[in-house]
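Protein chains in written order, with our numbering: chain C, 1 to 197; chain H, 1 to 126.
Note that CB positions come from ideal geometry on N, CA and C, so glycine has one too.
The structure under discussion appears below in the form of structure tokens.
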Amino acid sequence: MRIEDCSEGVTERGADEGVNSLLAPRASILLHTTAEDHHVARMAAVALGLTVLEAAIPSPLPGVKPGLANIVTLIVLARYGWRTAAWVSLLRVLAGSLLFGNFLTPGFFLSLSGALLSLLVLAFAQYLPRRWFGPVSQSIFAAFAHIAGQMAVVYWWLIPHAGIAYLIPIFAAAALVFGTVNGLIAARFINNAVNSD
Amino acid sequence: MQTVMLRYLKVGDWLTLVLGAVCVVLLTFKLWSGELADQAIIRSGGKIFQTVPLSRNQNIEVPGPLGISLIAILNRKARIASDPSPRQYCVRQGWLQQAGEIALCLPNQVSVELVGSRKRYDSLNY
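Take a look at the structure:
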């Protein structure tokens, strides 16, 4: 992504285009985006949609969520690599927090720590031999990492007390179940894409 | 539907699944099996009436404003066997075994709290 002042851009353009930009209201900053940027934005928007969708699903315990947006992260990881997946995942966390109005609140940092640790684990998990390990493995590893990241923030910052250890088995079980389900869904999408190519 | 989904599970995925399940089970056993208690702290009117080890079976009579509460200790467990309180909540709570468990008879101001070798929390604020 490249950000530059619009005034420089005008001189580079042709005469008729220059007139147009004189008539049209001028933006002070012009973003030059690449096709990849558009792609990241599109995938992040899909992930965001899933985040909003699952916010409507009632949860028996605060914090136990399916994490449907991670399906998008997995698909992006498989098709475009880790860098793009990291962009999509972190943009989703940021935009999601703005959407729900919890930017820079504890909830935001919980999402962020979970996403960061998942991405870290995925950075290694993507090199698992493809022959034996599919998206389901990656999804399960990422789900456990997500829980671990969140519990770390909860313990070190929000509730520095050993009592939260009681919740870990519940979260771990949820991570296993939802990690598997999300992985299967992602695998289905990835396989469809491979078959249609 | 089921067979279609199972197609996406490779050998390593099964391995990961089993590994994850083992982790969950181990975590559950490790974190949910509470520490066994060593002692019972019996309070009456907010003051410690007696601290008794659970190793010896005995019955203890504790006086309160309504009458006598009878506390029974049997086989490393403790319970309030009888109590003059009207709703009998503490009696119906039954046997206490793990550290941190507590039975309160509020009307008679009697309580039994089990403690382990190390003191756990008794309140949590956020």
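| Query | Result |
| --- | --- |
| Note down the Cα distance separating V10/C from I29/C, rounded to an integer number of angstroms. | Note that V10/C has pLDDT 44, beneath the 50 cutoff, so the model's placement of it is unreliable and the number below is only indicative. Their Cα atoms are separated by approximately 12 Å. |
| Say whether chain C places a C-beta atom closer than 8 Å to the C-beta of L9/H. | yes |
| Reducing DSSP to helix, strand and coil, say where V64/C ends up. | coil |
| Quick check on the burial criterion: 16 or more other C-beta atoms within 10 angstroms. Buried or exposed for R131/C? | exposed |
| Tell me whether the region 51 to 59 of chain H and the region 69 to 79 of chain H touch, counting them as touching only if at least three CB pairs, one residue from each stretch, are closer than 8 Å. | yes |
| Grab the span of the alpha helix (DSSP H) containing L31/H for me, first residue to last. | 11 to 32 |
| Locate the beta strand (DSSP E) running through Q98/H, then write down its first and last residues. | It is not in any beta strand (DSSP E) - Q98/H carries neither H nor E in the DSSP assignment. |
| May I ask you to list, following chain order, the residues of the region 4 to 28 of chain H that have a beta carbon less than 7 Å from some beta carbon of chain C? | M5, Y8, L9, K10, V11, G12, D13, T16, L17, G20, A21, C23, V24, L27, T28 |
| In angstroms, rounded to a whole number, what distance separates the CA positions of A56/C and Q88/H? | 42 Å |
| Using a beta-carbon distance cut-off of less than 8 Å, what residues from the region 131 to 142 of chain C approach chain H? | R131, W132, F133, G134, P135, V136, S137, I140, F141 |
| Pull up the CB-CB distance for Y8/H and L176/C, whole angstroms please, since I reckon it's below 8 Å. | The pair is not a contact, with the Cβ atoms about 17 Å apart (cut-off 8 Å). |
| Listing by chain order, which chain C residues have their CB less than 8 Å from the CB of L31/H? | A165, Y166, I168, P169 |
| Rounded to the nearest angstrom, what separates I41/H and P65/H at their Cα positions? | 19 Å |
| Enumerate in chain order the residues of its own chain whose CB-to-CB distance from V153/C is below 7 Å, with the five nearest sequence positions on each side excluded. | F109, L110, S113 |
| Helix, strand or coil, according to DSSP, for A81/H in the structure here? | strand |
| What are the start and end residues of the alpha helix (DSSP H) that includes T84/C? | 82 to 100 |
| Tell me the DSSP secondary structure of H161/C in three-state form. | coil |
| Could you tell me which residues DSSP pairs with R131/C in its beta bridges? | Paired residues: none, contrary to the question. |
| Quick test of the definition: if touching needs 3 or more C-beta pairs under 8 Å, does the region 54 to 74 of chain C touch the region 140 to 155 of chain C? | yes |
| If you measure from the beta carbon of N192/C to each beta carbon in chain H, is any gap under 8 Å? | no |
| Rounded to the nearest angstrom, what separates L116/C and N59/H at their Cα positions? | 57 Å |
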